[in-house]
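Below is one structure, written out as structure tokens; comments come after it.
In UniProt numbering, the protein residues as written are 1 to 353.
Here it is, written out as structure tokens:
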């Protein structure tokens, strides 16, 4: 029912090596000489950087900072640039044959950094890496060096750390598929229409995974006003096996019962998706079990939608949190909750290995 879509992620899931650390200090040596001659290097620059695996498609932002082992008595304005000449330097030193990262695979921030006088660490600039601009014939290398340095001529570049090598390769994942729900069960729902209310055709949490678009879950609005629970609503799903979860889809309730052409009734506006490999409580409401959470706000007023997660995790349990809905139109909010179906997009195999 939910079609495969291209996974669009922004600065999210990757194998992050230590080379991308964002420590406030550039040097472990705290004995800094306060001289007016600045000895400069680039934070995290090393002659043996680790490889970054960038998922396809994905973007990743890397911080760039200037550091001073001997600080300056003047404020320095520093820019960074890419120097292709260092590709050959690196390959010759390491016996590699890396290609330079294509220009369409990165964006260098036009703004430089400021290193205040008597400081060891500058402000932050960024370089954005984009897997969509990379071919599959990598790995690639991107040598970042100092560009212009203004504010004082009394500086020198450190013998080590003046070139920040970024090594990248693209990891192409298989397309996500809609996961079979035949073995699923609802572990917990914080509010649902009770069968004891009599004469109901639907309204239970189990209707979210029954494969029938005309049935739906709704909160128990039949409770006395003082007992009625309103959004957020928690729906905990046991998929019965570990899945590499990539996204979650949903089908809104039909505005008129049994009429699929009637449009959506109170579709979600804000939701949260939580992931857990195991549960330590029967209701799944121990928040420490949930290893990853991502919120989606301002969702479209539609019958069917899929949200893709910024990170991929291999888990068995999904907690769908209905935060707020639309009431009749995109301009009105709904503090109750109702939904026809919930799906998961992912892969049965462990694609993270």
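Every residue, glycine too, gets a C-beta built ideally from N, C-alpha and C.
I believe residue i touches residue j by the beta-carbon criterion, under 8 angstroms. Please report the beta-carbon distance rounded to the nearest angstrom.
{"i": "residue 352", "j": "residue 319", "result": "That belief does not hold up - the Cβ atoms of residue 352 and residue 319 are roughly 21 angstroms apart, past 8 angstroms."}
{"i": "residue 342", "j": "residue 179", "result": "Rounded, the Cβ-Cβ distance is 11 angstroms, inconsistent with contact."}
{"i": "residue 109", "j": "residue 122", "result": "Wrong, their Cβ atoms sit about 13 angstroms apart, outside the cutoff."}
{"i": "residue 305", "j": "residue 250", "result": "6 angstroms"}
{"i": "residue 140", "j": "residue 38", "result": "With 8 angstroms as the limit, residue 140 and residue 38 do not qualify as a contact, their Cβ atoms being about 31 angstroms apart."}
{"i": "residue 98", "j": "residue 87", "result": "7 angstroms"}
{"i": "residue 177", "j": "residue 247", "result": "That pair is no contact at about 11 angstroms."}
{"i": "residue 206", "j": "residue 51", "result": "46 angstroms between Cβ atoms; not a contact."}
{"i": "residue 188", "j": "residue 283", "result": "4 angstroms"}
{"i": "residue 73", "j": "residue 102", "result": "Going by Cβ atoms, the distance from residue 73 to residue 102 rounds to 41 angstroms, so no, they are not a contact pair."}
{"i": "residue 252", "j": "residue 303", "result": "5 angstroms"}
Using three-state DSSP, classify residue i as helix, strand or coil.
{"i": "residue 112", "result": "coil"}
{"i": "residue 88", "result": "helix"}
{"i": "residue 268", "result": "strand"}
{"i": "residue 45", "result": "coil"}
{"i": "residue 295", "result": "strand"}
{"i": "residue 153", "result": "coil"}
{"i": "residue 176", "result": "coil"}
{"i": "residue 83", "result": "coil"}
{"i": "residue 167", "result": "strand"}
{"i": "residue 68", "result": "strand"}
{"i": "residue 214", "result": "coil"}
{"i": "residue 74", "result": "coil"}
{"i": "residue 194", "result": "coil"}
{"i": "residue 120", "result": "coil"}
{"i": "residue 158", "result": "coil"}
{"i": "residue 261", "result": "strand"}
{"i": "residue 147", "result": "strand"}
{"i": "residue 289", "result": "helix"}
{"i": "residue 333", "result": "strand"}
{"i": "residue 353", "result": "coil"}
Is the beta carbon of residue i sitting closer than 8 angstroms to the one on residue j?
{"i": "residue 239", "j": "residue 290", "result": "no"}
{"i": "residue 299", "j": "residue 269", "result": "yes"}
{"i": "residue 272", "j": "residue 294", "result": "yes"}
{"i": "residue 324", "j": "residue 317", "result": "no"}
{"i": "residue 70", "j": "residue 117", "result": "no"}
{"i": "residue 138", "j": "residue 77", "result": "no"}
{"i": "residue 208", "j": "residue 235", "result": "yes"}
{"i": "residue 244", "j": "residue 346", "result": "yes"}
{"i": "residue 172", "j": "residue 120", "result": "no"}
{"i": "residue 337", "j": "residue 215", "result": "no"}
{"i": "residue 129", "j": "residue 62", "result": "yes"}
{"i": "residue 232", "j": "residue 321", "result": "yes"}
{"i": "residue 49", "j": "residue 167", "result": "yes"}
{"i": "residue 57", "j": "residue 131", "result": "yes"}
{"i": "residue 301", "j": "residue 267", "result": "yes"}
{"i": "residue 42", "j": "residue 68", "result": "no"}
{"i": "residue 127", "j": "residue 55", "result": "no"}
{"i": "residue 79", "j": "residue 175", "result": "no"}
{"i": "residue 292", "j": "residue 279", "result": "no"}
{"i": "residue 190", "j": "residue 229", "result": "yes"}
How far does the beta strand (DSSP E) with residue i in it reach, from first residue to last?
{"i": "residue 186", "result": "185-189"}
{"i": "residue 60", "result": "59-64"}
{"i": "residue 244", "result": "233-251"}
{"i": "residue 37", "result": "Segment: none, residue 37 is in no beta strand (DSSP E) and carries neither H nor E."}
{"i": "residue 129", "result": "125-130"}
{"i": "residue 312", "result": "304-326"}
{"i": "residue 342", "result": "341-347"}
{"i": "residue 209", "result": "Residue 209 -> no beta strand (DSSP E), and no H or E assigned at all."}
{"i": "residue 54", "result": "51-56"}
Quick check: does the Cβ of residue i come within less than 7 angstroms of any heavy atom belonging to the ligand ATP?
{"i": "residue 116", "result": "Questions concerning the ligand ATP fall outside what the structure shown contains, since it holds no ligand whatsoever."}
Would you be able to state if there are at least three C-beta pairs under 8 angstroms between the segment 261-274 and the segment 187-195? no
Touching or not, the segment 247-259 and the segment 163-174, by the rule of three or more beta carbon pairs under 8 angstroms? no
Does the segment 137-151 touch the segment 102-121, meaning 3 or more C-beta pairs lie closer than 8 angstroms? yes
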